Amino acid sequence: MDLVNIFIRSAFVDNMIFAFFFGMCSYLAVSKTVKTAVGLGFAVIFVLTVTIPINYLIENYVLKEGALTWMGEEYASVNLNYLTYIMFIAVIASTVQLVEMIVEKISPALYGALGIFLPLIAVNCAILGGALFMQEKQFATIGQATVYGLGSGVGWFIAVVLIAAIRERIRYANIPGPLRGVGMAFLITGLMGLAFLGFMGFEI
Amino acid sequence: MAEETVIVEEKKEVKEREPLFSKKNKKLITDPLDENNPVTIQVLGICSALAVTVQMKAAVVMSISVLFVLLMANISVSLMRNLIPNRIRIIVQLVVVASLVIIVDQVLKAYLYDVSKELSVFVGLIITNCIIMGRLEAFALGNKVWPSTLDALGNSIGYAMVLVVVSFFKELFGSGKLFGIEIFGNATEGTGLYAMGYMDNGLMLLPPSSLILVAIYIWVQKMRNPTLIETH
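Sequences listed follow chains A and B, in order.
No gaps in the numbering here: position 204 of the first sequence is 758 in our numbering, and each next residue is one more.
No gaps in the numbering here: position 53 of the second sequence is 57 in our numbering, and each next residue is one more.
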């Protein structure tokens with residue numbers, strides 16, 4: 555039940571796009587057509603579900619105050635918290651590289667669909683943001699962290715596919731000149747964000 | 005005669021060396037303010053631009069942090085541009101930016117703890133701020149140090165402009181304050197405008213309002229400069 559709650563919270567209530575604006579740059583860049591949006595959306599789900607548990611382990615066994623106790627008693631007072639950013643970004647960049655190679659080897663079809671998006675993801679704020687929020691929320695188990703990653707990814711996927719569908723629909727609409735393109739995308743996202751506020755406080 | 009030739013030679017030398025603020029260099033600073041604004045035209049670095057704008061103080065601190073990181077990163081990557089192997093350039097850039105952000109984070113924690121708490125993860129997200137990666141990729145890797153410095157200054161000021169405008173409206177209409185100073189009077193005591201029945205617009209404090217404010221900013225900007233309007 556707890557896991558279901560975490561999933562729903564991260565996917566709908568604390569939606570990455572509408573509540574925190576994570577990954578807005580790529581969100582606006584790929585949302586011109588549904589096809590590319592679906593591609594990048596799946597890539598984000600995938601990478602978040604893989605990197606959040608890895609970063610969870612790094613956080614709990616390397617970075618946290620006293621996390622190095624497993625190496626011996628004398629390390630109990632070491633606090634490497636200031637290395638968080640550089641460790642997380644290194645993990646994310648290398649994981650993305652690794653995932654790219656594995657996917658290319660195992661499933662060329664999936665690679666064809668996700669391939670061009672994977673390198674983009676290393677610098678997508680959604681991934682690093684997810685990791686930093688994971689650190690802030692201090693999950694009790696790795697299972698919770700994984701579900702959090704999956705939920706955030708699904709939330710991002712929903713948001714990007716929804717706006718891509720809307721932008722495809724309004725392509726031939728007669729929008730006032732200055733709002734065409736980016737301006738309209740911002741307005742639509744704002745209105746969608748208002749709609750998603752309806753999920754506030756939602757729990758099972 | 006001899007004197008004349010000396011003068012001519014001197015002039016030539018001056019011509020060969022580009023002045024520090026030539027037309028081209030000035031354009032590097034002024035372009036990102038309007039025509040090529042990183043947030044509204046290049047559409048980069050939106051996440052932080054939207055998320056930290058509830059209070060002007062946080063927005064200003066964030067802008068200064070981005071200015072510092074972008075300036076230092078642009079200079080150091082530009083200095084190293086001939087040494088960085090092309091294949092691993094993204095990782096090199098990420099390490100440079102991440103170390104700079106760690107410095108900023110530690111300084112903020114030491115001297116501006118309350119603001120640093122409020123910015124929370126968004127200080128860390130400067131690492132993946134697309135403005136920084138974008139400028140490093142598109143400019144610093146291929147240009148000398150001085151133009152890169154100007155480019156960094158221009159882009160971070162362009163970014164700061166949007167942040168300050170958006171946070172001005174959000175803080176003024178959301179909580180009736182600017183930099184934490186009460187402008188419209190005190191809401192709980194019912195002084196100033198509140199005595200006449202004015203109420204703060206709570207919607208302004210919620211995330212979606214920054215999206216709508218940026219949309220309006222883009223609208224006004226493109227209306228003043230119709231060459232920026234997207235065709236299709």
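Every residue, glycine too, gets a C-beta built ideally from N, C-alpha and C.
In this text, all values refer to a predicted model and were calculated from it rather than measured experimentally.
Take the Cβ of A:GLN692 as the centre, count every other Cβ of all protein chains shown within 10 Å, and call the residue buried at 16 or more, exposed below. Position 138 of the first sequence holds residue 692 of chain A. The residue is exposed, with fewer than 16 neighbouring Cβ atoms inside 10 Å.
Taking a contact to mean a Cβ-Cβ separation below 8 Å, would you say B:LYS174 touches B:VAL58 in this structure? Counting from 1 along the second sequence, the entry for residue 174 of chain B is found at position 170. Counting from 1 along the second sequence, the entry for residue 58 of chain B is found at position 54. Yes, they are a contact pair.
Cutoff 7 Å; reference B:THR195; Cβ partners in own chain excluding five residues on either side: Reading the second sequence from its first residue, position 191 is the one you call residue 195 of chain B. If we look at B:THR195 and ignore the five residues flanking it on each side, its Cβ neighbours are GLY189.
State yes or no: is the C-beta of A:GLU722 within less than 8 Å of the C-beta of B:VAL125? In the first sequence, the residue the question calls residue 722 of chain A occupies position 168. In the second sequence, the residue the question calls residue 125 of chain B occupies position 121. The Cβ-Cβ distance between A:GLU722 and B:VAL125 does not fall below 8 Å.
So A:VAL708 is in the alpha helix (DSSP H); what residue range does that whole segment cover? Looking up residue 708 of chain A in the first sequence gives position 154. Residues 696 to 723.
Taking CB distances under 8 Å as the criterion, tell me whether A:GLU613 reaches chain B. Here residue 613 of chain A is taken as the residue at index 59 of the first sequence, counted from 1. With 8 Å as the cut-off, A:GLU613 does not count as an interface residue toward chain B.
Contact criterion: CB-CB distance below 8 Å. Does B:THR192 meet it with respect to chain A? For the purposes of this step, residue 192 of chain B is identified with residue 188 of the second sequence, where counting begins at 1. No, B:THR192 lies away from the interface with chain A (no Cβ there is under 8 Å from its Cβ).
Consider the Cβ of B:LYS121: report whether some Cβ of chain A lies at a distance smaller than 8 Å. As a working mapping, residue 121 of chain B is identified with position 117 in the second sequence. Under the Cβ distance rule, B:LYS121 does not count among the residues neighbouring chain A, no pair being separated by less than 8 Å.
So A:PHE576 contacts chain B; which residues on that side make the cut at Cβ distance below 7 Å? Residue mapping note: residue 576 of chain A aligns to position 22 of the first sequence, counting from 1. Per Cβ cutoff of 7 Å: CYS51.
For the ligand NAD, any of its heavy atoms closer than 7 Å to the Cβ of A:GLY703? As presented, the structure is devoid of all ligands, the ligand NAD included, so that no description of it is given.
DSSP state of B:THR9, grouped into three classes? Counted from its first residue, the second sequence places residue 9 of chain B at position 5. The pLDDT assigned to B:THR9 is 49, lower than 50, so where the model puts this residue is not dependable; a value taken from the coordinates is nonetheless given after this. In the three-state reduction of the DSSP assignment, B:THR9 falls in the helix class, which pools H, G and I.
Quick check: what's the CA-CA separation for B:ILE233 versus B:VAL224? For the purposes of this step, residue 233 of chain B is taken as residue 229 along the second sequence, with counting starting at 1. For the purposes of this step, residue 224 of chain B is taken as residue 220 along the second sequence, with counting starting at 1. Counting only the Cα atoms, B:VAL224 lies some 11 Å from B:ILE233.
Measuring CA to CA, which of B:SER120, B:LEU154, B:ILE50 and B:VAL64 is closest to A:ALA583? The sequence position of residue 583 of chain A within the first sequence is 29, counting from 1. Nearest in C-alpha terms to A:ALA583, of all of B:SER120, B:LEU154, B:ILE50 and B:VAL64, is B:ILE50.
Does DSSP put B:GLU17 in a helix, a strand or coil? Taking the second sequence and counting its residues from 1, one reaches residue 17 of chain B at position 13. A caution first: B:GLU17 carries a pLDDT of 47, below 50, which makes its placement in the model unreliable, though a value can still be read off. Three-state DSSP puts B:GLU17 in a helix.
Identify, in the order they occur along the chain, each residue of the same chain with its Cβ nearer than 6 Å to the Cβ of A:GLU619, setting aside the five sequence neighbours on each side. Within the first sequence, residue 619 of chain A is the residue found at index 65, counting from 1. For A:GLU619, same chain residues with a beta-carbon under 6 Å away, outside a window of 5 residues either side, are ASN633 in chain order.
Would B:GLU175 pass as an interface residue toward chain A - the criterion being a Cβ-Cβ separation below 8 Å? Counting from 1 along the second sequence, the entry for residue 175 of chain B is found at position 171. B:GLU175 does not count as touching chain A.
Quick one: measure Cβ to Cβ for B:ALA144 and B:LEU104, integer angstroms, because I've assumed they're closer than 8 Å. Along the second sequence, read from residue 1 onward, the residue named residue 144 of chain B stands at position 140. Along the second sequence, read from residue 1 onward, the residue named residue 104 of chain B stands at position 100. Contact doesn't hold; Cβ gap of about 13 Å is too wide.
What are the complete beta strand (DSSP E) segments, minimum 3 residues, inside the region 191 to 220 of chain B? List check, beta strand (DSSP E) in window: nothing returned.
By the DSSP assignment, the alpha helix (DSSP H) with A:GLY744 in it spans what residues? Position 190 of the first sequence holds residue 744 of chain A. Element bounds for A:GLY744: 736 to 750.
Reducing DSSP to helix, strand and coil, say where A:GLU627 ends up. In the first sequence, the residue the question calls residue 627 of chain A occupies position 73. Three-state DSSP puts A:GLU627 in a helix.
Please confirm if A:PHE687 has its CB atom under 8 Å from at least one CB of chain B. Position 133 of the first sequence, counting from 1, holds the residue named residue 687 of chain A. Chain B, which has a Cβ nearer than 8 Å to the Cβ of A:PHE687, makes this yes.
Taking Cβ-Cβ distances below 9 Å as the criterion, which residues of the region 618 to 638 of chain A are in contact with chain B? Those would be TYR636, LEU637 and THR638, in chain order.
Using a beta-carbon distance below 8 Å, is A:LEU733 in contact with chain B? Counting from 1 along the first sequence, the entry for residue 733 of chain A is found at position 179. Yes, A:LEU733 lies at the interface with chain B (some Cβ there is under 8 Å from its Cβ).
Using C-beta distances below 7 Å, list every residue in its chain close to A:VAL701, excluding the 5 sequence neighbours before and after it, in chain order. Within the first sequence, numbered from 1, the residue matching residue 701 of chain A stands at position 147. In its chain, beyond the 5 residues on either side, LEU557, ILE560 and PHE561 have a beta carbon closer than 7 Å to the beta carbon of A:VAL701.
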